[in-house]
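All remarks here apply to the structure that follows.
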Amino acid sequence: MTSSSGVSAPSSRKRRPATVALAPGAYGSFRWEEIEAVWTKARNALRAGGGKGDYLLGKFPIGSLSQDWATVGFVDDLIKTYSIDTILAHHHGEAHQDHVAAQRIATSAARRHVDRLWLWESVIYTHRNVHPFNPQMYVPVSRESFDGKTKILEAYLAAGLLEPLEVEAQRHLARYRGAEMHRDYAEAFEVVWGVHDG
Numbered sequence: 002m003t004s005s006s007g008v009s010a011p012s013s014r015k016r017r018p019a020t021v022a023l024a025p026g027a028y029g030s031f032r033w034e035e036i037e038a039v040w041t042k043a044r045n046a047l048r049a050g051g052g053k054g055d056y057l058l059g060k061f062p063i064g065s066l067s068q069d070w071a072t073v074g075f076v077d078d079l080i081k082t083y084s085i086d087t088i089l090a091h092h093h094g095e096a097h098q099d100h101v102a103a104q105r106i107a108t109s110a111a112r113r114h115v116d117r118l119w120l121w122e123s124v125i126y127t128h129r130n131v132h133p134f135n136p137q138m139y140v141p142v143s144r145e146s147f148d149g150k151t152k153i154l155e156a157y158l159a160a161g162l163l164e165p166l167e168v169e170a171q172r173h174l175a176r177y178r179g180a181e182m183h184r185d186y187a188e189a190f191e192v193v194w195g196v197h198d199g
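Going by my numbering, the sequence shown opens with residue 2, and the numbers climb by one from there.
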């Protein structure tokens, strides 16, 4: 996921990936135009890296995102439109209210047509709760991919949308998860469910 409140759906079986932000609005004292400028930089960086995914934006209220008929229906329609078979969502134990709602929305929408639901680890919100993140699956990340991700995080940092320690923590977490698997960098996920056909 590339945004504050959303789900990310990687592709398999020649499907087109989509990254979804559920809540576009102002963030704290930031105007939507400021956020959109950074989000556009992130989309352009991902496309420059050869990504073929779509980057979609819902119109749900930031700060008060809720799991309801409209939000679940929005994601359910995207699952059908894009033939999504895998969803990456926030961890259910996060301390951010929109992130918890986004995870619930993703789970509800994914329950009928999605083969895999994985929860990712955020560097500052996942570990501030009594529901610990339990890494079950690791995905190695190349140095080039990690450098690209760092550039995107630094764009958010430069705009004041991330804290300096948050970006630095992301570097350390990727190295730590990589070291666990004897790789330079990795990301870890909790597997809610996973169906793999032959």
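Positions of the beta carbon are idealized from the N, C-alpha and C atoms, including for glycine.
Please specify which runs of the beta strand (DSSP E), each continuous and at least 3 residues long, are wholly inside the stretch 108-151, giving them in chain order. 117-121, 138-141
Cα-Cα separation, S4 to S123: Because S4 sits at a pLDDT of 31, beneath the cut-off of 50, its placement in the model cannot be relied upon, and the following sentence gives the value as read from the coordinates. Their backbone Cα atoms lie some 12 Å apart in a straight line.
Leaving out five residues before and five after H93 in sequence, what residues of the same chain have Cβ atoms less than 7 Å from its Cβ? V101, Q104, L120, H132
Under the rule that 16 or more other beta-carbon atoms within 10 Å means buried, what is L166, buried or exposed? exposed
Whole angstroms are fine: how far does the CA of D185 sit from the CA of W70? 42 Å
Once the 5 residues before and after V192 are set aside, which same chain residues still bring their CB inside 7 Å of it? W119, Q137, M138
Who are the Cβ neighbours of V196 in its own chain at under 8 Å, not counting the five residues just before and after it? D116, R117
Could you give the C-beta distance for G161 and A46, rounded to a whole number, given that I count them as a contact under 8 Å? Incorrect: roughly 18 Å between the Cβ atoms, too far for contact.
Considering only their Cβ atoms, is the gap separating H114 from K81 smaller than 9 Å? yes
DSSP three-state assignment for H92, whether helix, strand or coil: coil
Output yes or no for whether 9 Å exceeds the beta carbon distance between S65 and D86. no
Rounded to whole angstroms, what's the CA-CA distance from P62 to E37? Just pull it up for me. 15 Å
Coarse secondary structure for V196, derived from DSSP in three states: coil
Through-space distance from H183 to D198, alpha-carbon basis: 28 Å
Inter-residue spacing [alpha-carbon to alpha-carbon] between F190 and T108: 15 Å
Output the distance between the C-alpha atoms of E34 and A24, rounded to the nearest integer angstrom. 14 Å
Mapping DSSP to helix, strand and coil, what is F75? helix
Buried or exposed: D78, going by 16 or more other Cβ atoms within 10 Å of its Cβ? exposed
Among the candidates E155, Y126, V21, H97, whose CA atom is the shortest distance from the CA of G54? V21
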